[in-house]
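In terms of our numbering, the sequence shown opens at residue 157 and continues consecutively.
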Amino acid sequence: MPSSSRSDRRGVRIAAATLALGVAAGMAAFPAHSDDINEQVADASDDLARADAKVDAALKQLENAREQLPQARQELAAAQSELTQAQQRKSAADVKVAEAIAKVAKAKQEIAETEQQIAYLEQRIGRMAREVYQQGGQISEVEILLDSSDPGDFAARLEALRSIAQDNNDTMTDLDDAKAQLQTRLAGLRILEEKAEEAQAEAQQEVEKAAAAKARADAAKAKIDELVAARSSALRDARERKSEVRKQYNQLKAEQARIAAIARAAAAKAASGQSGVPVNIGPGGLAWPAPGAPVSGNVGPRIHPVYGYRSCHTGTDIGAGGGSPILAAEDGVVVSIQNGGPYGLHTLIQHGSGISTMYAHQSSTSVSVGQKVKKGQVIGQVGSTGWSTGPHLHFEVHVNGTPYDPMGWFGGTKGPVGC
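Structure, rendered in structure tokens:
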């Protein structure tokens with residue numbers, strides 16, 4: 157396999173793995189509001205889900221282009237070879253046409269010369285006939301003898317007569333030969349003209365074959381250009397998406413670190429007795445922050461539905477409807493209210509004993525930073541801000557800045573999130 161193909165395949169795997177890792181890690185803090193993780197993109201916003209689909213399509217397009225490119229190149233090579241052969245056959249046919257045309261021209265020249273020779277001989281015979289006629293027709297040897305003055309004169313006259321007769325016979329023979337030769341050459345000309353027409357027809361066929369081969373070569377080249385462009389576009393899209401997902405992932409990690417730092421600082425301040433927050437949680441434990449609403453997502457590992465990569469979900473998702481009241485889980489002090497980023501509008505409350513609770517994706521808030529709140533007090537309303545696929549409450553419990561499973565305060569086992 158060519159190194160470029162291995163590199164392309166390796167690039168696809170790296171791009172897919174990196175994108176999946178970034179998306180999966182980012183999804184940890186914003187799961188889908190659905191019990192069926194296979195039907196919705198768990199822990200992703202609508203925008204991120206659409207972007208995932210776009211990346212997946214781009215990578216499939218890249219792989220399809222990579223798979224089709226060798227076949228397209230073979231088609232191009234075959235078409236170019238066919239074009240070369242057709243051009244060679246056309247050149248050979250052109251040579252035949254040129255030779256046939258030259259032979260036809262030569263034959264026509266020979267026919268013209270023969271016709272000239274016939275015309276000359278006919279003129280000569282005509283002239284001889286006129287001379288004989290002017291002399292009174294055919295002269296016999298007796299007449300020559302009677303007209304001769306002596307035997308020498310007779311012999312000379314007789315020889316002259318015989319010479320004229322022989323010359324006349326030779327001229328007639330030459331005329332017959334010339335006419336026969338003319339017919340032969342005319343017949344040959346017709347054959348040459350037929351061959352010339354055949355050669356021209358053959359040349360025309362090769363021209364058409366060459367044109368068809370060129371069209372196929374052009375089509376194969378265009379297909380390669382299209383595939384290369386598609387591959388380049390897919391690579392560009394994947395790289396751009398990789399950068400975008402990495403940015404979101406970094407934002408999420410920074411937000412998690414910021415909230416953990418605030419929770420640790422609040423816990424330390426509460427432990428020192430400077431915050432006015434009760435040192436211990438009341439005997440009733442934490443209150444459910446969204447009365448009557450069910451759990452729609454627990455803490456723990458999450459698997460990306462497209463790439464299969466694992467991530468960690470550090471809170472409990474509660475399936476409360478948009479606008480539903482959010483209650484403080486315990487007495488405490490509001491230490492942070494932020495709007496934006498993965499969690500959207502979210503509130504952090506310090507309760508003492510190192511415990512903080514966080515309420516994310518709110519549509520609105522009813523408290524302010526530094527305000528003391530009572531257990532069960534309305535602190536805001538459920539929404540779908542930040543990286544959220546629908547209205548729900550993302551509820552976290554931190555102990556000295558470490559995320560714990562909130563369900564440990566509602567019948568489950570208390571302990572850090574195990575992933």
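Think of the CB as a built atom: it goes at the ideal place given N, C-alpha and C, for glycine as much as any other residue.
Remember, predicted model here, so these are calculated numbers, not experimental data.
{"Asked": "Whole-Å CB distance - H256 paired with A359, under 8 Å assumed", "Found": "First, the amino acid is wrong: residue 256 is Ala here, not His. Not quite, the Cβ-Cβ distance comes to about 10 Å (not below 8 Å), so this is no contact."}
{"Asked": "In chain order, each beta strand (DSSP E) run of at least 3 residues that lies wholly inside the stretch 444-522", "Found": "451-453, 456-459, 466-469, 472-474, 481-483, 488-494, 501-508 and 511-521"}
{"Asked": "For E269 and A261, the rounded distance between their alpha carbons", "Found": "12 Å"}
{"Asked": "Assigned secondary structure, T558 (DSSP; H/G/I helix, E/B strand, else coil)", "Found": "strand"}
{"Asked": "Other residues of its chain near Q243: CB distance less than 7 Å, five sequence neighbours each side excluded", "Found": "A366"}
{"Asked": "Sub-8 Å separation of E486 and L442 beta-carbons", "Found": "yes"}
{"Asked": "Closest Cα partner of A413 within the set G574, R229, K530 and P498", "Found": "P498"}
{"Asked": "Cβ neighbour criterion (16 or more within 10 Å) applied to R341", "Found": "buried"}
{"Asked": "CB contact flag (I380, L239, <8 Å)", "Found": "no"}
{"Asked": "Separation of A390 from Q217, as counted between CA atoms", "Found": "6 Å"}
{"Asked": "The stretch 566-575 / the stretch 473-488 touching (three or more Cβ pairs under 8 Å)", "Found": "no"}
{"Asked": "From L232, V534 and D561, residue whose alpha carbon lies closest to that of K370", "Found": "L232"}
{"Asked": "Buried versus exposed, by CB contacts within 10 Å (16 or more), V529", "Found": "buried"}
{"Asked": "Closest by C-alpha distance to T503, when choosing among V538, N454, A235 and G510", "Found": "V538"}
{"Asked": "Euclidean distance between Cα positions of G510 and A386", "Found": "55 Å"}
{"Asked": "Coil, strand or helix - K528 by DSSP", "Found": "strand"}
{"Asked": "Cβ-Cβ distance between E382 and G471 below 8 Å", "Found": "no"}
{"Asked": "The beta strand (DSSP E) enclosing V573, as first and last residue numbers", "Found": "Segment: none, V573 is in no beta strand (DSSP E) and carries neither H nor E."}
{"Asked": "Local conformation of G542 per DSSP, three classes", "Found": "coil"}
{"Asked": "Buried or exposed (CB count within 10 angstroms, at least 16 for buried), V384", "Found": "exposed"}
{"Asked": "CA-to-CA distance, G453 to P562, given in whole angstroms", "Found": "11 Å"}
{"Asked": "Residue closest to S544, alpha-carbon to alpha-carbon, out of Q241, G536, L501 and A254", "Found": "L501"}
{"Asked": "Beta-carbon separation (whole angstroms), P445 vs I482, contact threshold 8 Å", "Found": "6 Å"}
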